[in-house]
Amino acid sequence: MFCLTPVLVAVVCLLIAWIFKNADGNIERRKEERRARAEARPWVDEDLKDSSDLHPAEEDADDWQDSEENVEHIPLSHTRYPEKEMVKRSQEFYELLNKRRSVRFISNEQVPMEVIDNVIKAAGTAPSGAHTEPWTFVVVKDMDMKHKIREIIEEEEEVNYLKRMGRQWVTDLKKLRTNWIKEYLDTAPILILIFKQVHGFAANGKRKVHYYNEISVSIACGILLAALQNAGLVTVTTTPLNCGPRLKALLGRPTNEKLLMLLPVGYPSKEATVPNLTRKPLDQIMVIL
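The sequence shown lines up with residues -25 to -1, 1 to 264 when you count with mature numbering (1 follows the signal peptide of the UniProt record, and there is no 0).
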């Protein structure tokens, strides 16, 4: 029978201890890597983390609405322009949108509410996954409510600039001369808060799947920006980092909604300035194959 000598026993014990120590080290190293990855993206908005990307099969199937299979199809209403007119219209539209700038100096002059109605109706023409239209546009005009929104955002933004966003992001923003003070949230006559609905509700109370809800609402936001520019109004796209839950509670929004974007809307103030920025030329943003 094979017997272990004291020396061999010691070697085996050392080997076992080394294996366990190495295993513990690997666990700690993996934890450190996870922490490093989390710290590498400190600007991730916790409110945008949701279950909207889960496949319906991962949820309780009994909670979801049956699909609507029968929708009438009608002839397309479409205007086709002569080639010269197409080129002219596309050039004019580009020139209009090329004048769009993010404006942080907004006048308190009132804006016709009919204009706001129309630009939001325009945003509501955006395509959406399975035509679920997963957007809610909350228009805030009340001065007290606007100030409460400002207080929440400035409180969180101060923490964002000092801790969450990271040194590189704060450095990159210096050329824009932005900070956590958001005076335009008080002065702008209109605040539009855009919420994505991570799911909807059918008439029978069952949940309705909202496919690609964030992409759909983002497209609607793009159309809204174009509509505001077309109407002669200005705004600045604001994504209040980690303000979503508090703003949602303040505005009394339901649990299936999550804040995606906030737009202060109005006319530019007389002293308004913008950074002298340029946009990438066509050959840097388009590839033809």
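Think of the CB as a built atom: it goes at the ideal place given N, C-alpha and C, for glycine as much as any other residue.
Remember, it's a predicted structure, so these values are computed and weren't measured experimentally.
Residue i classed as buried or exposed, judged by whether at least 16 other C-beta atoms fall within 10 angstroms
{"i": "Glu89", "result": "exposed"}
{"i": "Arg221", "result": "buried"}
{"i": "Met120", "result": "exposed"}
{"i": "Ala177", "result": "exposed"}
{"i": "Met236", "result": "buried"}
{"i": "Leu29", "result": "Residue placement at Leu29 is flagged as unreliable, the pLDDT there being 44, under the threshold of 50; the coordinate-derived value follows with that caveat. The residue is exposed, with fewer than 16 neighbouring Cβ atoms inside 10 Å."}
{"i": "Thr214", "result": "exposed"}
{"i": "Lys183", "result": "buried"}
{"i": "Ser65", "result": "exposed"}
{"i": "Ile91", "result": "buried"}
{"i": "Ser52", "result": "exposed"}
{"i": "Ala174", "result": "With the sequence shown as reference, residue 174 is identified as His, and Ala is not the correct amino acid for it. So His174 ends up on the buried side."}
{"i": "Ile124", "result": "buried"}
{"i": "Pro256", "result": "exposed"}
{"i": "Leu72", "result": "exposed"}
{"i": "Leu234", "result": "buried"}
{"i": "Leu216", "result": "buried"}
Beta-carbon separation (whole angstroms), residue i vs residue j, contact threshold 8 Å
{"i": "Cys218", "j": "Glu126", "result": "Not a contact, Cβ separation roughly 10 Å."}
{"i": "Gly99", "j": "Ala206", "result": "Rounded, the Cβ-Cβ distance is 15 Å, inconsistent with contact."}
{"i": "Ile81", "j": "Thr162", "result": "5 Å"}
{"i": "Tyr202", "j": "Ala97", "result": "According to the sequence provided, residue 202 is Ala. The question's Tyr does not apply to it. 4 Å between Cβ atoms; contact."}
{"i": "His185", "j": "Gln172", "result": "6 Å"}
{"i": "Glu129", "j": "Ile156", "result": "6 Å"}
{"i": "Val86", "j": "Leu226", "result": "Contact flag wrong, Cβ pair sits at about 20 Å."}
Local conformation of residue i per DSSP, three classes
{"i": "Leu71", "result": "helix"}
{"i": "Arg221", "result": "helix"}
{"i": "Leu200", "result": "helix"}
{"i": "Gly175", "result": "strand"}
{"i": "His30", "result": "For His30, the pLDDT reaches just 44, beneath the cut-off of 50, and the residue's location in the model is therefore unreliable, although a value from the coordinates is still provided. Looking at His30 - three-state DSSP - the assignment turns out to be coil, as it is neither helix nor strand."}
{"i": "Thr146", "result": "helix"}
{"i": "Ser65", "result": "helix"}
{"i": "Gly104", "result": "helix"}
{"i": "Cys162", "result": "Checking the sequence shown, residue 162 turns out to be Thr, not Cys. If DSSP states are grouped into helix, strand and coil, Thr162 belongs with the helices."}
{"i": "Val115", "result": "strand"}
{"i": "Met88", "result": "helix"}
{"i": "Ser77", "result": "strand"}
{"i": "Ile49", "result": "coil"}
{"i": "Val209", "result": "strand"}
{"i": "Glu232", "result": "strand"}
{"i": "Val192", "result": "helix"}
{"i": "Asp258", "result": "helix"}
{"i": "Lys181", "result": "coil"}
{"i": "Ile156", "result": "coil"}
Proximity below 8 Å, CB of residue i to CB of residue j
{"i": "Leu160", "j": "Pro239", "result": "yes"}
{"i": "Leu199", "j": "Val94", "result": "yes"}
{"i": "Ile165", "j": "Lys116", "result": "yes"}
{"i": "Glu232", "j": "Thr111", "result": "yes"}
{"i": "Val114", "j": "Ile167", "result": "yes"}
{"i": "Arg75", "j": "Val249", "result": "no"}
{"i": "Glu84", "j": "Gly241", "result": "yes"}
>> I want to know whether the stretch 103 to 111 touches the stretch 183 to 196 - three or more CB-CB distances under 8 Å.
In response: Segments in contact, yes.
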